[in-house]
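Heads up: the structure comes next, in structure tokens.
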Amino acid sequence: MQRYFLETPFDIVGTTLITGDDSKHISRVMRMDVGDKVIAVSNGNAYIATIFELLPDSVSIRREEGPLPTNEMPVHVTIACGLPKGDKLDLIVQKGTELGMKGIIPFKAERSVVKWDDKRGAKKIERLRKIAKEAAEQCHRAVIPEVENPLTIRQLLQLVNTFDVLLFADEEDAKSGEPHRIADRLKNVYLEQKVLVVFGPEGGLSRTEAEALRAAGFHPTSLGPRILRTETAPLYLLSAMSCEFE
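According to my numbering, the sequence shown is numbered sequentially starting from 7.
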């Protein structure tokens with residue numbers, strides 16, 4: 007069944023409307039009709055619903071069954087990544103959503119080649135949020151990851167009190183004689199905790215940034231002996247966490 011995220015709470019009694027591009031997808035792309043079933047997601051819960059009426063600009067659905075079992079990662083992982091070049095951020099958002107991340111925070115790192123344009127940035131963030139939504143529908147999630155506007159490293163450090171576990175991928179730690187293996191770091195992570203993991207852009211984090219993260223309470227971690235691309239490292243971490251907790 008096709009999955010759609012509702013913009014309004016799902017009424018227990020009566021009908022609820024699916025609007026916007028999703029309503030067009032139901033009627034024009036999928037060519038569904040009255041009586042067909044869909045999965046509707048509201049407030050982190052998924053329900054089976056029946057199409058009650060096809061309207062010119064919306065689709066009326068009626069709740070039938072649910073909530074369905076959740077498949078969200080039991081640890082809430084937010085990825086903070088230095089702004090990368092090209093469309094790499096699109097890839098991180100799409101695949102990170104499939105792998106269970108809770109949210110993503112791009113930040114303006116010292117070694118970021120890309121310079122964020124605030125005037126055009128709103129459209130890029132809107133596109134990234136659309137990518138996250140479509141990926142969440144495709145992989146049957148009940149939550150769309152949050153895509154935040156880019157922050158400075160100083161603004162990022164101001165968020166530390168909202169997380170339980172703070173980590174950052176450190177290339178220098180990986181090269182040391184006694185690297186802090188991700189498997190060992192995850193032994194101190196527990197279900198339902200909020201985890202923030204920081205990754206650098208191409209070229210990695212500067213030593214100034216690494217020291218600032220350490221001073222703020224972040225723990226360095228190694229992602230293995232090989233140097234990973236900036237778009238690969240977050241996916242490696244999410245895969246390791248999925249293996250550990252799911």
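Each residue gets a CB set at the ideal place from its N, CA and C atoms; glycine is no exception.
- Message: At the 7 Å Cβ level, is Phe169 part of the contact set with chain C, yes or no?
- Response: Absent from the structure: chain C. Only one protein chain is present.
- Item | For Glu217, the three-state DSSP class (helix, strand or coil) | Residue 217 sits at position 211 when you count from the first residue of the sequence shown. Looking at Glu217 - three-state DSSP - the assignment turns out to be helix.
- Message: According to DSSP, simplified to helix, strand and coil, what is Asn77?
- Response: Counted from its first residue, the sequence shown places residue 77 at position 71. Of the three classes helix, strand and coil, the one that applies to Asn77 here is coil, per DSSP.
- Assign Thr214 to buried or exposed, taking buried as 16 or more other Cβ atoms, counted over all protein chains shown, within 10 Å of its Cβ. Sequence index remark: in the sequence shown, residue 214 carries index 208 (1-based). Under the 10 Å beta carbon count, Thr214 is surrounded by fewer than 16 other beta carbons and is classified as exposed.
- Item | Those residues which DSSP pairs with Leu202 across a bridge | As a first step, residue 202 must be located in the sequence shown, where it is residue number 196. Thr84, Leu172, per the DSSP bridge assignment.
- Item | Distance, Gly20 Cα to Ala237 Cα | The sequence position of residue 237 within the sequence shown is 231, counting from 1. The sequence position of residue 20 within the sequence shown is 14, counting from 1. Position check: residue 237 holds Glu in this sequence, whereas Ala was assumed. A direct Cα-to-Cα measurement between Glu237 and Gly20 gives close to 45 Å.
- Cα-Cα, which of Pro156, Met107, Val83, Leu105 is closest to Lys129? Here residue 129 corresponds to residue number 123 of the sequence shown, with the count starting at 1. The candidate whose alpha carbon is nearest that of Lys129 is Pro156.
- Message: Using C-beta distances below 7 Å, list every residue in its chain close to Gly223, excluding the 5 sequence neighbours before and after it, in chain order.
- Response: Walking along the sequence shown from the start, residue 223 turns up at place 217. So the list reads Val166, Leu172, once near-sequence residues are dropped.
- Item | For Ala55, the first and last residue of its enclosing beta strand (DSSP E) | Translated into the one-based positions of the sequence shown, residue 55 becomes position 49. It spans 51-60 - the beta strand (DSSP E) in which Ala55 sits, taken as one unbroken run.
- Item | Burial state of Thr32 (16 or more Cβ within 10 Å) | Position 26 of the sequence shown holds residue 32. The question names Thr, but residue 32 is Ile in the sequence shown. Note on Ile32: 16 or more other CB atoms within 10 angstroms of its CB, so buried under the neighbour-count rule.
- Query: If you draw a straight line from the alpha carbon of Phe205 to that of Pro240, how long is it in whole angstroms?
  - Reply: Against the sequence shown, residue 205 aligns to sequence position 199. Against the sequence shown, residue 240 aligns to sequence position 234. In this structure, the straight-line span from the alpha carbon of Phe205 to that of Pro240 is close to 7 Å.
- Task: Look up Gly102 in the DSSP assignment and say whether it is helix, strand or coil.
- Result: To locate residue 102, count along the sequence shown from 1; it is residue 96. The answer is helix: DSSP assigns Gly102 an H, G or I state.
- Task: Could you please give the first and the last residue of the uninterrupted alpha helix (DSSP H) stretch that includes Ile159?
- Result: Residue 159 sits at position 153 when you count from the first residue of the sequence shown. Taken as a continuous stretch (DSSP letters only), the alpha helix (DSSP H) holding Ile159 covers 159-163.
- According to the neighbour-count rule (16 or more other Cβ atoms, all chains shown, within 10 Å of its Cβ), is Arg164 buried or exposed? Looking up residue 164 in the sequence shown gives position 158. The question names Arg, but residue 164 in the sequence shown is Gln. With fewer than 16 neighbouring CB atoms inside 10 Å of its own CB, Gln164 falls in the exposed class.
- Message: On the DSSP letters alone, give me the boundaries of the beta strand (DSSP E) that Ile45 sits inside.
- Response: Stepping through the sequence shown from its first residue, residue 45 is reached at position 39. Note, Ile45: beta strand (DSSP E), 43-48.
- Message: List, from N- to C-terminal side, the beta strand (DSSP E) runs of 3 residues or more that fit wholly inside the segment 104-134.
- Response: If only uninterrupted beta strand (DSSP E) runs of at least 3 residues are considered, those enclosed by the segment 104-134 are 109-114.
- Message: Only counting the same chain, and skipping five residues up and downstream in sequence, which positions put a Cβ closer than 6 Å to that of Asp42?
- Response: As a position in the sequence shown, residue 42 is number 36, starting the count at 1. Same-chain partners within the cutoff: Ile57.
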